[in-house]
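Worksheet for the structure shown next.
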Amino acid sequence: MLTLHWPQQLSWDVSISGSKNAALPLIASSLYFKESVLENVPRIGDVFTFLKIIESLGVKVNFSGNTLTMDTENMSIDTLDLCLIKKIRVGIFLIPILLERFGKVEIPFPGGCNIGKRPIDEHIHWFEKMGYTNESYDDIVKFTGKYSEESISLSAGFAVTATENMIIANVFRPGKTTIELAAIEPHVLNLIHFFQQTGANITVEYNHVITIIWVQEKPMKSHGSVIHDYIESGTFVIFWALASNPYIDIHHARIEDLRAFLFKCSEAWVRWEDLWDDTLRVHNSRETLKSIAIQTNIFPGFPTDLQSPFAILLTQAEGISRIHEVLFEGRLNWLVEIEKMKWHVAIMNPHEALVFWKTPLRWSTVSSWDLRAGVAMIIAGMISDGDTFITNVEYIERGYEDIIGKLGKLWASIKTI
Ligand code: EPU
Numbered sequence: 054m055l056t057l058h059w060p061q062q063l064s065w066d067v068s069i070s071g072s073k074n075a076a077l078p079l080i081a082s083s084l085y086f087k088e089s090v091l092e093n094v095p096r097i098g099d100v101f102t103f104l105k106i107i108e109s110l111g112v113k114v115n116f117s118g119n120t121l122t123m124d125t126e127n128m129s130i131d132t133l134d135l136c137l138i139k140k141i142r143v144g145i146f147l148i149p150i151l152l153e154r155f156g157k158v159e160i161p162f163p164g165g166c167n168i169g170k171r172p173i174d175e176h177i178h179w180f181e182k183m184g185y186t187n188e189s190y191d192d193i194v195k196f197t198g199k200y201s202e203e204s205i206s207l208s209a210g211f212a213v214t215a216t217e218n219m220i221i222a223n224v225f226r227p228g229k230t231t232i233e234l235a236a237i238e239p240h241v242l243n244l245i246h247f248f249q250q251t252g253a254n255i256t257v258e259y260n261h262v263i264t265i266i267w268v269q270e271k272p273m274k275s276h277g278s279v280i281h282d283y284i285e286s287g288t289f290v291i292f293w294a295l296a297s298n299p300y301i302d303i304h305h306a307r308i309e310d311l312r313a314f315l316f317k318c319s320e321a322w323v324r325w326e327d328l329w330d331d332t333l334r335v336h337n338s339r340e341t342l343k344s345i346a347i348q349t350n351i352f353p354g355f356p357t358d359l360q361s362p363f364a365i366l367l368t369q370a371e372g373i374s375r376i377h378e379v380l381f382e383g384r385l386n387w388l389v390e391i392e393k394m395k396w397h398v399a400i401m402n403p404h405e406a407l408v409f410w411k412t413p414l415r416w417s418t419v420s421s422w423d424l425r426a427g428v429a430m431i432i433a434g435m436i437s438d439g440d441t442f443i444t445n446v447e448y449i450e451r452g453y454e455d456i457i458g459k460l461g462k463l464w465a466s467i468k469t470i
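So for the sequence shown, my numbering puts the first residue at 54; every next one is plus one.
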């Protein structure tokens with residue numbers, strides 16, 4: 054559990070860590086190679102869980118600081134920890150790797166979660182289209198066989214993990230692969246860049262078409278780096294817009310990836326400056342915030358992963374704000390939990406909510422609903438009128454590296470009990 058109360062600033066800078074959603078597909082992709090090195094890997098719950106799964110495959114893992122090295126020489130499918138795979142959605146990235154290395158895969162379906170059902174039907178469909186035999190049953194995904202070497206064309210419907218999985222599955226497959234309506238989130242591009250560095254021929258076009266042309270067998274070694282996390286960066290923008298101290302500088306902010314979010318910040322009268330060297334200066338803007346409407350979207354639109362923290366910003370804005378969550382049918386549910394803090398919100402339907410007027414938030418004990426809602430509750434606690442208690446902190450620790458330490462330097466009054 055976390056306790057929070059009024060802030061006291063000890064530092065003026067924060068440095069953004071590696072991105073969760075970029076790290077996980079890169080870690081999975083590294084299993085193609087005998088030896089791999091990944092830099093800037095965040096030390097977060099989801100990475101540790103994924104590494105435990107990978108170790109259960111007999112892979113030798115060394116995670117020192119933010120550098121991860123893996124040796125897959127003794128990899129074996131027989132010891133795979135199936136219970137852990139159920140806990141983490143990105144277990145589906147193991148499907149193409151295990152199929153390619155062992156000619157078979159049999160793992161539990163990843164479940165739904167607090168933000169929505171999150172089916173993987175398209176992933177399944179595409180593995181069939183690649184030529185594998187689908188023998189799935191009950192809640193088990195089972196494929197066997199070998200890929201076809203013909204050229205194939207797939208439509209990814211802008212789904213992020215699905216686009217990533219199809220890149221991973223096809224990168225070393227003889228034949229041409231065209232992924233239409235591909236997601237082009239920064240972490241997808243990070244994955245493409247990783248494979249390009251190993252010699253793969255992958256191109257991305259402005260109209261969301263990714264083309265993979267087979268050029269070579271996979272090499273023995275890989276070396277990559279995880280991009281910094283634009284979602285963490287946007288979260289710190291909101292923290293500071295609501296703080297009572299003058300400003301902070303956010304380093305490795307990935308300002309270019311945050312354009313839609315920063316436009317909305319400006320519209321809400323959050324004051325920020327683009328300093329040189331990917332540093333973002335954010336000024337305390339709490340007194341002047343104005344209501345706005347936001348709608349989440351695929352990249353480069355407003356990221357769904359910043360919707361929950363942004364909702365807290367809107368509680369301190371004059372007027373009525375509107376939130377339209379397009380992607381996930383459950384991602385507004387956490388608003389019910391935070392009603393305990395006496396803010397004024399109306400959930401219109403699973404995808405839309407209104408936030409009314411500038412409201413002083415009342416301290417309370419609240420539970421982290423999911424990763425992003427959990428961090429939103431920390432922000433709410435920071436601006437509430439007393440000590441706030443947050444439970445289920447492990448949700449937050451799944452995706453934010455050393456969040457308590459970083460906030461502790463900016464605001465001294467946060468601790469885990
Ligand atoms: N979809 C299907 N069938 C499929 C695949 C997707 O119907 O086979 C639909 C589902 O409704 C699904 C939606 O498309 O919910 C979006 O799917 P997508 O693949 O884009 O998203 P995701 O894999 O569920 C990833 C991130 C999310 C992030 C979204 C949107 C990872 C591990 N997860 O989720 O991150 O919100 O993309 O950008 O990369 C988070 O970090 O808190 C988080 C939830």
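Just so you know, even glycine gets a beta-carbon here, dropped at the ideal spot from N, CA and C.
Computed from a prediction, not measured in an experiment: that's the story for all the values here.
First through last residue of the beta strand (DSSP E) which encompasses residue i
i    : result
V300 : The question names Val, yet the displayed sequence has Tyr at residue 300. Segment 300–304, the beta strand (DSSP E) holding Y300.
L207 : 205–208
H276 : 274–278
L151 : Taken as a continuous stretch (DSSP letters only), L151 belongs to no beta strand (DSSP E), being part of the alpha helix (DSSP H) at 147–155.
F13  : Residue 13 falls outside the range modelled here, since the chain spans only 54 to 470, and no answer is possible.
D134 : Looking at the DSSP string, D134 is not in any beta strand (DSSP E), and its letter there is neither H nor E.
L121 : 120–124
H336 : 332–336
L104 : Element bounds for L104: not the beta strand (DSSP E) but the alpha helix (DSSP H), 98–109.
N402 : 398–402
L328 : 325–328
I347 : 346–348
For residue i, the nearest candidate out of the options (CA to CA)
i    : options                : result
L110 : D131, V158, F352       : D131
G169 : K317, I449, E378       : E378
L244 : A215, G228, E270, F103 : A215
P403 : K411, E382, L104       : E382
I308 : V323, I284, W322, L242 : I284
P239 : K229, H261, E233, R154 : H261
V428 : S319, L311, S286       : S286
E454 : S64, F86, V94          : V94
D174 : E203, T230, S208, K411 : S208
V112 : G98, F86, N119         : F86
Y259 : L234, A212, D358       : L234
A75  : F355, L460, V213, H178 : V213
L77  : L342, W65, R96         : R96
R425 : D66, M54, S64, K73     : K73
I154 : V323, I280, N127       : Sequence inspection shows Arg at residue 154; the Ile mentioned does not correspond to that position. Minimum Cα distance to R154 is reached at N127.
F355 : L311, Q250, E217       : L311
Beta-carbon gap between residue i and residue j smaller than 8 angstroms
i    : j    : result
E92  : S278 : yes
Q360 : T349 : yes
I291 : I365 : yes
S70  : D282 : yes
G252 : P227 : no
G156 : T197 : yes
F409 : I376 : no
A236 : I351 : yes
I301 : I263 : no
T122 : V90  : yes
E326 : I345 : no
M435 : I391 : no
W396 : T418 : no
I17  : L385 : Residue 17 lies beyond the range of the chain shown here (54 to 470); nothing can be said about it.
V224 : L242 : no
P353 : A313 : yes
Rounded Cβ spacing between residue i and residue j (contact assumed at less than 8 angstroms)
i    : j    : result
W422 : W464 : About 22 angstroms separates the two Cβ atoms, so there is no contact after all.
S82  : F247 : 6 angstroms
M471 : S201 : In the structure displayed, the chain extends from 54 to 470; residue 471 sits before or after that span and is not available.
E159 : I107 : The Cβ separation is near 17 angstroms, so there is no contact.
P362 : I432 : 6 angstroms
K317 : I347 : 6 angstroms
Extent of the continuous alpha helix (DSSP H) to which residue i belongs
i    : result
W293 : 283–294
L366 : 360–367
N260 : That residue, N260, is in no alpha helix (DSSP H); it is neither H nor E in DSSP.
F211 : Taken as a continuous stretch (DSSP letters only), F211 belongs to no alpha helix (DSSP H), as it is neither H nor E.
E238 : E238 -> no alpha helix (DSSP H), and no H or E assigned at all.
K317 : 312–320
D174 : 174–182
K411 : Per DSSP, K411 belongs to no alpha helix (DSSP H) and is neither H nor E.
E450 : 447–450
S83  : 73–83
E390 : 387–391
V428 : 424–435
L463 : 456–463
Test: residue i CB closer than 8 angstroms to a CB of chain B
i    : result
S109 : Considering every chain present, this structure includes no chain B. It has just one protein chain.
Is the segment 322–337 touching the segment 289–306, taking contact as three or more C-beta pairs under 8 angstroms?
Touching, yes.
Three Cβ pairs or more, each shorter than 8 angstroms: is that satisfied between the segment 93–107 and the segment 141–160?
yes
Three or more C-beta pairs below 8 angstroms linking the segment 431–451 and the segment 305–322
no
Can we say the segment 434–449 touches the segment 251–267, given the rule of at least three CB pairs closer than 8 angstroms?
no
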